[in-house]
Structure formats: structure tokens, C-alpha cells
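Per the numbering used here, the sequence shown runs over residues 66 to 192.
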Amino acid sequence: MSRRAPARPVFFKLNQIQMPVGALTSIVHRVTGVILAIGIPFCFYAMHLSLDSAQSYERLTRMASNGLFKFALIAFIWALSHHLLAGVRHMLMDIGIGSHLSDARRSAWTVNVGGVAMALMAAGVVL
């Protein structure tokens, strides 16, 4: 006679799953890493334009006056700040600092709020 394994619960309602803030911070950390990997070549191109000649610098300033460019720059700054803060958080947790549940939650919220705050400060400078 074969034994049946106990039925495991299946929950496919993704909009109702509540993930802990630490898990969301970790997922966003990975997403921001991808955003940075995609955005760094554009940053090098902008740096090249700014240093190449007066005409290319003028071209860059015209591009920078575009609203879509400003939005992309603010999004890139948010990704950079969130990724930096989350990376420091992960390194500290690797050595045992802030690894208790209450400390981990607090540091995750700090990373999330800090990343948005840095992006808003950048938006004040850019806009």
C-alpha cells in the first residue's frame, strides 16, 4: 500500500500575499541592481558628452532639460541610493549587526524610507 503525502496548502492569490518588509527590501535591492547595471552605460555616455567638447556639452544640457531624462535620472538616483543602503544593511547583518527581527524590520524600513528621501532630495536639485 502506498502512503499519500499530506496535502500542502496552495495559495495563488498573489495580490493577497503579505511579505515582510525585509523580504520586500531584499527583492527591491536585486531589482535596483539590475537597474544600475542597465543605467551605468548611459551614465558613462553622459559623462563622455559632458567632457568631449563644448558642442557635446550643449547637447547633454538640451537632453537634460527633457522631462523624461529628469525622471530617469531621479529613478537612477533612487536605485543607486536604495541599492547602497540595502547593501550596507546586508553587510551589517552578515556580521551579526541588526540581525534580530525587530532590528531587521527597523533597518529595512530605514533603507526604504532613506532611498525615497534621497531621491526626493535629488528631485529638488534636478527639477
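Yeah, the Cβ is synthetic: ideal placement off N, Cα and C, and Gly gets one too.
Counting the other CB atoms within 10 Å of its CB gives H113 a total below 16, which places it among the exposed residues. Secondary structure at K78: coil, using DSSP grouped into helix, strand and coil. Inclusion of V86 and A144 in the CB contact set at 7 Å is not warranted, their separation being larger than that value.
Contact check for L89 against H148 fails: the beta carbons are separated by 7 Å or more. Straight-line measurement puts the Cα of I103 at about 19 Å from the Cα of A129. Assignment of N177 by DSSP, reduced to helix, strand and coil, places it in the helix class. With 16 or more other CB atoms across the displayed protein chains lying within 10 angstroms of its CB, S146 is buried. Contact check for G179 against L133 fails: the beta carbons are separated by 7 Å or more. Here H94 is buried, its C-beta having at least 16 other C-beta atoms within 10 Å.
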